[in-house]
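Engineer:
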Amino acid sequence: MDDAPLLAMSGIEKRFAGIPALSQASLLVRQGEVHALIGQNGAGKSTMIKVLTGYHRKDAGEILFEGKPFEVSSPQQAQARGISTIYQEINLVPLRSVAENICLGREARRFGLLDWGAMHAEAERLLARFKVRIDVRRPLMDFNTATQQMVAIARAIGFSARLVIMDEPTSSLDDQEVRVLFDVIGQLKADGVSVIFVSHKLDELYQVCDRVTIMRDGRTVRTAAMAEIDKLTLVSQMLGRDVSKAEGHATAFTDRPAGKIGDTVFSARHLAARQGVADVTFDLRTGEIVGFAGLLGAGRTETARLVFGVDQPRGGTMQIVGTPYAPAAPSAAIAAGLGFVTEDRKTEGIVPELSVAENMTLALLPRISRNGVVDEKQQRDIVARFIKDLGIKCSGPNQKIRELSGGNQQKVLLARWLAMQPRLLILDEPTRGIDVGAKGEIQRLIRRLADQGLAVLMISSEIEEVAEGADRVFVLREGRSVAELSGEAITETNILAAMAHGHSSQTQEVHA
Amino acid sequence: MSQVLPSPARPTSRAFDVLEFLSRYGTLIALVLLIVFNLIFTRNFATWQTLNVNLTQVCTIVIVAVGMTMVIATGGIDLSVGSIMAIAGALAPMIFLGTLFPVGNIYLGVTLAIGIAVLVATLLGLFNGWLIAQFRIQPIVATLVLFIAGRGIAQVLTNGNLQVFKVPEFQWIGLGRPLGIPVQVIMMVIIVIAAAWMLRRTGFGRRILATGGNEKAAELSGIAVKRVKLAVYAISGFCAGLAGLVVIAINSASDANLVGLGMELDAIAAVAVGGTLLTGGKATIIGTLLGALTIQLVRYTLLANGVPDAAALVVKAAIIILAVWLQQQGRVR
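Which chain is which? The protein sequence lines are A and B, in order.
The numbering of the first sequence is my numbering, which starts it at 2 and goes up by one.
The numbering of the second sequence is my numbering, which starts it at 243 and goes up by one.
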């Protein structure tokens, strides 16, 4: 193997509206290697790739490709220069034929007309390299996702790509299809093509990658050979938690429950969904904060969506206080006493053009309406109480919610559910993207609510939030609940270990 | 990659934001300016007759635009209103003239005619909503179905014949003047007030705005988004049916080719000029009323001052562009 790097990105800086997304980030990819690029949400992986492929302009830094400065202004240009990207959602044209998709942008022509014969032959030749034999005249949408992905790869190779970037390529493939993809990657490697492989599935990384670059908070934290780094170190460095260091308090979750932990409110056994959830078993008790820990794509949000009736499970059972529970829609979950503060405030939480008051009482509407007319006085009282209780900073209940800061928006969304007096509240990344002060307030509030007897399911990617806040922790890994931790066993070390290996020495395995 | 930025609070101490002000009160200002202009330059402007002419002409647009406002508030659009007007307009005379089935008493006939025509219009609206809510067809495509087919249905119903009639009992809804006020103006005022009240004060109004503002969030808050959509398209159909009847009552005739022709665009224009967000989530019925009045008055002003109708259309277009531009300026801030 040639030791001179194929791609060398160094000192990359990128800011969005003054907020740094990348600072002094670097990435070195050798000739013919499969290079894993990993990091949490917001770590800068996608920005890094977009800077490389010309989708974003870098503010500073240097990119060398095949030893020469590499400066492109669009993914098309990058492709012409030998860097192809295959996205999660395959960006091909489903209605056109396989051959057309492969040859799009570099059509064979004869006498100014498209040379279909040559294009079909070319497509077949490229696909044959991956042992894919299909009728290239048929429209792409006739084939399954895996084949479509092969077509995308063939298309990249057709552009004589020297570097192929794969962004979570296995997220929509089954095991068999993943094996085929890995064969293809092996083939690419043998041909001297390098691959940047973005994925959150640790086992896959170890299976297919040679080296890894870990990113965190817009910086490159470490680059190492896969063989030199064990899973636990990988996960800890990705999350920025040093396993060996003494753990101080990093959150406002100060003490363990002051209230009494009571009976089981909710239980789920062997939950499975079409995608993301394979086998999740857990339960919740009154007065208790249960934490869901896991890497991106571990199936935490997907599980929450099943519990709240947003998606329908394909297997498994759920119970609420001992009676079977199978919500067909969120309204059924709400009727059963559940609340759900979603991960993405903007797209699934706030209604931007409505006021603080209207947003807060959205779920409560049926209860504060008489004959369909909203009882304005009752609404005013409830809203005023929550604005005061939660310390929501706004000019008044009639201010539009979009004008509030992230932390205050989050408090309004919390109030939306608290006003319903639920028995179970699901919080998906309750403190993401809000400032430190508001974060502490929300964490203290969650504790207070649990102490008052609410059952809380808290999903968080911040490991310290789960470790310090939760009374019990379920660790999810690739759609399965792999460990349950409680009491003294809830340590960052144990959580990280379970995330990395699927179990830890001090945990009870979640059993069937 | 998701950039999570705290949304900045609106600058409060800005001395005076002209664009913000215009985007909020632009329509009202335009209307006042037009009235002032006419008071000065147009002869016989400040008369009951002028007022009556303008109000009668604008009534049907306002009635249809109220339904359209609710549809647009959910993030949809209804192109079929003109065709639904034609169907209602074709159906009603067939009933009170007795061509469809014999009716002895004229009052019974008129009641049945109005009731059935409006009911059919509502059901057609419900059909639009069903296509949109159940099959997730884009509103513009779903309502295009009836936009095209509806006028055809109206023509088939009447064999393409012009239905002429002189039935004062029915035509009262277009020509009646209790206390000197045209019946359709009263109808318009009632509909506007009822709709404005509903949008502001009822849970249903809130659900409409939440659905248009953020459908996912609405659904996750337990709102039956599908039912909301069904309802707004049904309301839009109801309004269109009513407007169709008013039009034929005024004309003493029903021509399936002409009733409601181009109404969908007039209604959408009124909604847009009135300041309702075309992407949904924010709506103002009073704005729609002002928007319709503005467009009407512009047309009247130009005609009364000798500008041909064709040129008036261009001015109408310019006003719409200006209104939408102002709306966007208001949003960026």
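Every residue gets a Cβ at the ideal spot worked out from N, C-alpha and C, and that includes glycine.
Everything numeric in this text was worked out from a predicted model, so none of it was measured.
Under a Cβ-count criterion, where at least 16 other Cβ atoms within 10 Å of its own Cβ denotes burial, should A:Trp-418 be classed as buried or exposed?
Structural biologist: Its Cβ being crowded by 16 or more others within 10 Å, A:Trp-418 is buried.
Engineer: Spell out whether any CB of chain A is found under 8 Å from the CB atom of B:Thr-444.
Structural biologist: Answer yes: the Cβ-Cβ gap between B:Thr-444 and chain A drops below 8 Å somewhere.
Engineer: Starting from the C-beta of A:Gly-407, find all residues in its chain whose C-beta is less than 8 Å away, skip the five residues before and the five after it, and write them out in chain order.
Structural biologist: Arg-346, Gly-434, Ile-435, Asp-436, Ala-439.
Engineer: Return the chain-ordered list of same chain residues with a C-beta closer than 7 Å to the C-beta of A:Asp-429, the five sequence neighbours on each side being excluded.
Structural biologist: Correct list, in chain order: Thr-302, Ala-305, Val-342, Thr-343, Glu-344, Ile-460.
Engineer: Compare the C-beta of A:Glu-1 against all C-beta atoms of chain B and say whether one is closer than 8 Å.
Structural biologist: Shown here, chain A extends from 2 to 513; a query on residue 1 of chain A therefore has no answer.
Engineer: If you drop the 5 nearest sequence neighbours on each side, which residues of the same chain put their C-beta closer than 7 Å to that of A:Leu-189?
Structural biologist: Excluding sequence neighbours, A:Leu-189 sits near Val-165, Val-196.
Engineer: Do A:Lys-412 and A:Ile-427 have their CB atoms nearer than 8 Å?
Structural biologist: Contact flag unset, no.
Engineer: Whose CA, out of A:Ala-157, A:His-201, A:Ser-161, A:Thr-146, lies closest to the CA of A:Gln-177?
Structural biologist: Considering only alpha carbons, the answer is A:Thr-146.
Engineer: With contact counted as at least three CB pairs below 8 Å, one residue from each stretch, are the segment 313-332 of chain B and the segment 506-526 of chain B in contact?
Structural biologist: Result yes; three or more Cβ-Cβ pairs closer than 8 Å.
Engineer: Determine the direct distance from the alpha carbon of B:Val-323 to that of B:Phe-279, and round the result to whole angstroms.
Structural biologist: Distance between the alpha carbons of B:Phe-279 and B:Val-323: 33 Å.
Engineer: Does the segment 412-421 of chain B touch the segment 458-472 of chain B, meaning 3 or more C-beta pairs lie closer than 8 Å?
Structural biologist: Output reads no: the segment 412-421 of chain B does not touch the segment 458-472 of chain B.
Engineer: Report the rounded CA-to-CA distance for B:Gly-351 versus B:Gln-405, giving the unit in angstroms.
Structural biologist: Cα to Cα, B:Gly-351 sits roughly 16 Å from B:Gln-405.
Engineer: Measuring straight from C-alpha to C-alpha, what distance separates A:Ser-487 and A:Gly-300?
Structural biologist: Going from the Cα of A:Ser-487 to the Cα of A:Gly-300 covers about 21 Å.
Engineer: Which residues in chain B sit within 8 Å of A:Arg-417, going by Cβ to Cβ distance?
Structural biologist: The answer, in chain order, is Ser-463.
Engineer: Can you give me, in chain order, the residues of the segment 468-482 of chain A that have a beta carbon less than 8 Å from any beta carbon in chain B?
Structural biologist: So the list is empty, because no residue satisfies the distance condition.
Engineer: Out of B:Ile-348, B:Asp-508, B:Thr-543, which one is the CA nearest neighbour of B:Asn-286?
Structural biologist: For B:Asn-286, the nearest C-alpha among the options comes from B:Thr-543.
Engineer: Determine the direct distance from the alpha carbon of A:Ser-370 to that of B:Val-489, and round the result to whole angstroms.
Structural biologist: About 38 Å.
Engineer: Indicate whether the contact test is met: 3 or more Cβ pairs, each with one atom in the segment 526-540 of chain B and one in the segment 291-310 of chain B, closer than 8 Å.
Structural biologist: As far as the Cβ criterion goes, the segment 526-540 of chain B touches the segment 291-310 of chain B, which means the pair count is three or higher.
Engineer: In the segment 522-533 of chain B, which residues sit with their C-beta less than 8 Å from some C-beta in chain A, listed in chain order?
Structural biologist: Cβ contacts with chain A: Gly-523, Lys-524.
Engineer: Can you find a C-beta in chain A that's less than 8 Å from the C-beta of B:Ala-438?
Structural biologist: Output row for B:Ala-438: interface = no.
Engineer: Using the rule of at least 16 other Cβ atoms within 10 Å of the residue's Cβ for burial, across every protein chain shown, is B:Lys-558 buried or exposed?
Structural biologist: So B:Lys-558 ends up on the buried side.
Engineer: Can you name the start and end residues of the beta strand (DSSP E) that A:Arg-433 belongs to?
Structural biologist: Segment: none, A:Arg-433 is in no beta strand (DSSP E) and carries neither H nor E.
Engineer: Do the segment 324-341 of chain A and the segment 374-382 of chain A touch if we need at least three Cβ pairs shorter than 8 Å?
Structural biologist: Output reads no: the segment 374-382 of chain A does not touch the segment 324-341 of chain A.
Engineer: How do the segment 226-236 of chain A and the segment 197-210 of chain A stand: do at least 3 beta-carbon pairs fall below 8 Å, yes or no?
Structural biologist: Counting Cβ pairs under 8 Å, three or more are found: they touch.
Engineer: Would you list, in chain order, the members of the segment 550-567 of chain B that have their beta-carbon closer than 8 Å to a beta-carbon of chain A?
Structural biologist: Listed in sequence order: no entries.
Engineer: Residues in the segment 318-340 of chain A with C-beta within 7 Å of chain B's C-beta atoms, listed in sequence order?
Structural biologist: Against chain B - using a Cβ distance shorter than 7 Å - the residues of the segment 318-340 of chain A are Pro-331, Ser-332, Ile-335.
Engineer: Step through the CB atoms of chain B and report whether any lies within less than 8 Å of the CB of A:Glu-354.
Structural biologist: Interface residue, yes.
Engineer: Say whether chain A places a C-beta atom closer than 8 Å to the C-beta of B:Leu-441.
Structural biologist: No - not a single Cβ of chain A is within 8 Å of the one on B:Leu-441.
Engineer: Should A:Gln-422 be labelled buried (16 or more other beta-carbon atoms within 10 Å of its own) or exposed?
Structural biologist: The residue is exposed, with fewer than 16 neighbouring Cβ atoms inside 10 Å.
Engineer: Going by the DSSP bridge assignment, what does A:Phe-475 pair with across the sheet?
Structural biologist: A:Phe-293, A:Glu-485, per the DSSP bridge assignment.
Engineer: Mark A:Met-142 as exposed unless 16 or more other C-beta atoms lie within 10 angstroms of its C-beta, in which case mark it buried.
Structural biologist: It is exposed - the Cβ of A:Met-142 has fewer than 16 other Cβ atoms within 10 Å.
Engineer: Relative to the C-alpha of A:Leu-7, which candidate in A:Ile-135, A:Ala-18, A:Pro-21, A:His-36 has its C-alpha closest?
Structural biologist: Here the closest residue by C-alpha is A:His-36.
Engineer: Helix, strand or coil for A:Leu-114 per DSSP?
Structural biologist: A:Leu-114 falls in the strand class under three-state DSSP.
Engineer: Using DSSP with H/G/I as helix, E/B as strand and the rest coil, what is A:Arg-386?
Structural biologist: In the structure shown, A:Arg-386 sits in a helix (DSSP, three-state: H, G or I).
Engineer: Answer yes or no: do A:Gly-45 and A:Met-151 have a C-beta to C-beta separation smaller than 8 Å?
Structural biologist: No, these two residues do not count as a Cβ contact at 8 Å.
Engineer: Relative to the alpha-carbon of A:Val-209, which residue among A:Asp-192, A:Asp-175, A:Arg-180 has its alpha-carbon at the smallest distance?
Structural biologist: Of the candidates A:Asp-192, A:Asp-175, A:Arg-180, the one whose C-alpha sits nearest the C-alpha of A:Val-209 is A:Arg-180.
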